[in-house]
Amino acid sequence: MTNTADAVIIGGGVMGCSILYNLAEQGFNNTLLLERDVLASGSTGKSQAILRMHYSNEVTARLAWGSLDIFKNFEELTGTPSGYTRTGYFLIVGSEDRQAMRENVAMHRRLGIASEVVSIEDMRELAPMLAVEGDEAFAYESESGYADPYSVTLGYANRARDMGAQVRDGAAVTGIEVTGGRVTAVETADGRIETRIAVVAAGPWSDRLLRGVGVDAPIRPLRHQVVVLRRPPGADADHPIIGDNPNGFSARPDIGNLTMIGAGEDEFVDADTFNQGVDMDVVRPAFEGIVRRIPAMSRAVFRGGWSGAFTVTPDWHPILDSIDGIDGLYCAIGFSGHGFKESPMIGKAMAELITKGSAECVDISMLNFDRFRTGDLLRSRYAMQVLA
Ligand SMILES: Cc1cc2nc3c(=O)[nH]c(=O)nc-3n(C[C@H](O)[C@H](O)[C@H](O)COP(=O)(O)OP(=O)(O)OC[C@H]3O[C@@H](n4cnc5c(N)ncnc54)[C@H](O)[C@@H]3O)c2cc1C
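For the sequence shown, this note's numbering gives the first residue as 87, with consecutive numbering after it.
Right, here's the structure in full:
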């Protein structure tokens with residue numbers, strides 16, 4: 087078994103695997119990724135995997151937009167399809183958020199993102215299955231859609247392996263060894279791996295590892311539920327991806343005439359012991375909400391669902407940074423409900439941060455660790471935090 091590596095990545099979700107691949111792409115391939123379970127077994131495997139660009143901050147919109155291109159060309163890059171499926175994305179907000187939505191879309195258009203404000207008449211033409219109201223406002227992204235989180239994670243890991251990186255599953259990291267203010271090793275039940283670089287990408291479990299080296303990471307696992315319905319036959323229930331603020335859900339189609347509805351983000355949990363099923367008191371309003379938006383869904387059938395953990399920070403934005411006072415320690419954590427769509431660019435930015443000292447592809451400096459101490463948090467134009 088390898089007992090030295092130039093860098094050890096802790097966590098085999100989409101982030102760890104994207105970082106591993108991007109390091110190898112940048113010629114840094116004497117690396118080892120350690121996953122305690124199997125790849126994509128954490129939040130990644132539970133993801134709704136919606137790819138939308140609508141955010142309130144430039145950095146998140148840029149990360150999502152740059153990533154979309156990579157999802158589109160993923161097979162060329164890695165040899166594995168990403169499952170990118172273009173459906174279009176509609177954001178629907180109430181009148182109180184009309185101005186916020188307009189400002190966001192204006193910002194997106196400045197960045198070159200395919201995003202536009204559309205009228206109720208346009209909506210009736212573009213998405214006739216949706217029931218829309220005169221006091222609502224609408225944004226449309228024609229290129230948005232979804233992809234397959236499992237395929238993307240495995241695609242990154244396998245291509246990184248081809249380039250020389252190593253991936254080990256069933257290998258839980260028990261601690262990070264720091265000597266004289268720098269990383270010297272990563273500890274596992276099977277022994278110590280000497281390294282000068284450790285990257286914590288352990289999703290909702292990351293705070294435990296960081297606490298072991300005296301770092302208090304402000305992240306908490308938040309249970310998020312996904313309700314699955316089978317759509318009735320007929321085009322009147324076929325739908326694009328919808329972010330529906332007035333009804334409080336996001337919905338995406340899936341193969342097999344299924345619809346996944348994401349809802350219910352109000353329960354902080356323990357990442358190891360939380361209930362991974364769906365609650366009927368979330369299913370009922372989700373079902374009623376989608377029927378209000380897509381009347382033909384009144385004939386849909388409840389097929390079950392699951393829950394996963396968002397890893398949230400106080401501003402619902404990630405921490406992409408090195409750790410002050412511990413040379414060689416990095417973290418990519420706290421992605422709440424938007425990590426999947428940003429994972430290709432985050433992997434690239436983190437690899438640049440590690441190999442070059444700063445990210446060149448996108449300025450991620452505002453996603454620093456210190457902002458929770460200084461109070462320089464990112465802000466959303468919306469009250470609904472999941473929209474960020
Ligand atoms: C229900 C749900 C719906 C979502 N919907 C969307 C969406 O529509 N669009 C979107 O962009 N994002 C969405 N997200 C968010 C997105 O899925 C996550 O932000 C992303 O998958 C996080 O990836 P990660 O690699 O950081 O974490 P994880 O996937 O949790 O990976 C962390 C890995 O670290 C491993 N690990 C933990 N501790 C250790 C240890 N000590 N040693 C070794 N390994 C360890 C875990 O086993 C795990 O595999 C959703 C998330 C959930 C839960």
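Here a beta-carbon is modelled for each residue, glycine too, at the ideal position from N, C-alpha and C.
To the nearest angstrom, how far is the alpha carbon of residue i from that of residue j?
i    : j    : result
T117 : A437 : 12 Å
E161 : Y175 : 23 Å
D221 : I440 : 48 Å
S384 : V377 : 5 Å
L163 : V285 : 23 Å
L212 : T173 : 12 Å
R465 : V203 : 21 Å
I96  : S133 : 20 Å
E227 : G342 : 24 Å
R138 : S422 : 14 Å
G231 : R338 : 8 Å
I327 : T239 : 22 Å
N331 : A271 : 46 Å
F388 : L216 : 20 Å
I105 : G420 : 15 Å
R370 : G443 : 49 Å
S336 : I347 : 6 Å
R372 : N333 : The sequence shown places Ala at residue 372, rather than the Arg named in the question. Each residue's alpha carbon lies about 8 Å from the other.
L315 : T345 : 5 Å
P318 : C417 : 44 Å
T130 : D367 : 25 Å
K329 : A321 : At residue 329 the sequence reads Gly, which differs from the Lys that was named. G329 and A321: Cα-Cα distance of roughly 20 Å.
Can you give me the Cβ contacts of residue i inside the same chain, cut-off strictly under 7 Å, excluding the 5 residues immediately before and after it?
i    : result
R184 : A223
G411 : G267
L197 : E144, A147, R148 and W151
A288 : I96, G97 and L295
I450 : V145, L406 and A435
D358 : none
Q362 : W392 and S393
Return the chain-ordered list of same chain residues with a C-beta closer than 6 Å to the C-beta of residue i, the five sequence neighbours on each side being excluded.
i    : result
N115 : M249, G250 and A251
E428 : L149, A150 and S153
K158 : Y170
G414 : R268, V269, R282 and I283
N364 : Note that residue 364 is Val in the sequence shown here, rather than Asn. Once the five neighbours on either side are set aside, the close Cβ partners of V364 are Q311, V313 and G391.
C103 : T239, Y242 and A243
D407 : N454 and F455
V218 : I206 and M209
DSSP on residue i, reduced to helix/strand/coil?
i    : result
F458 : helix
T345 : strand
Q252 : strand
C447 : coil
E202 : strand
Y170 : coil
F157 : helix
F426 : helix
R184 : helix
P339 : strand
E121 : coil
A287 : coil
D401 : coil
S408 : strand
Only counting the same chain, and skipping five residues up and downstream in sequence, which positions put a Cβ closer than 8 Å to that of residue i?
i    : result
T274 : L120, A257, A258, V259 and T260
E263 : V269, T270, A271, V272, E273 and R278
Do you know whose CA, among the options, lies nearest residue i's CA?
i    : options                   : result
D276 : R122, V448 and H140       : R122
F458 : V398, V94, T239 and D358  : V398
V181 : P167, A225 and I105       : According to the sequence as given, residue 181 is Ser; it is not Val. Checked all of P167, A225 and I105; the closest Cα to S181 is A225.
M431 : G113, D155 and G128       : D155
E446 : Q112, L315, S205 and M346 : Q112
P167 : T345, P235, N190 and F455 : P235
A395 : I199, N108 and A126       : A126
N89  : V124, E280 and V299       : E280
Y141 : V448, M452 and H424       : H424
Does at least one heavy atom of ligand 3 sit under 7 Å from the Cβ of residue i?
i    : result
S129 : In the structure shown, ligand 3 is absent; the only ligands present are ligand 1.
Check whether the segment 340-354 and the segment 307-324 are in contact - that is, three or more C-beta pairs closer than 8 Å. Touching, per the Cβ criterion.
Cβ contact (3+ pairs, closer than 8 Å) linking the segment 456-463 and the segment 392-406: Short answer: they touch.
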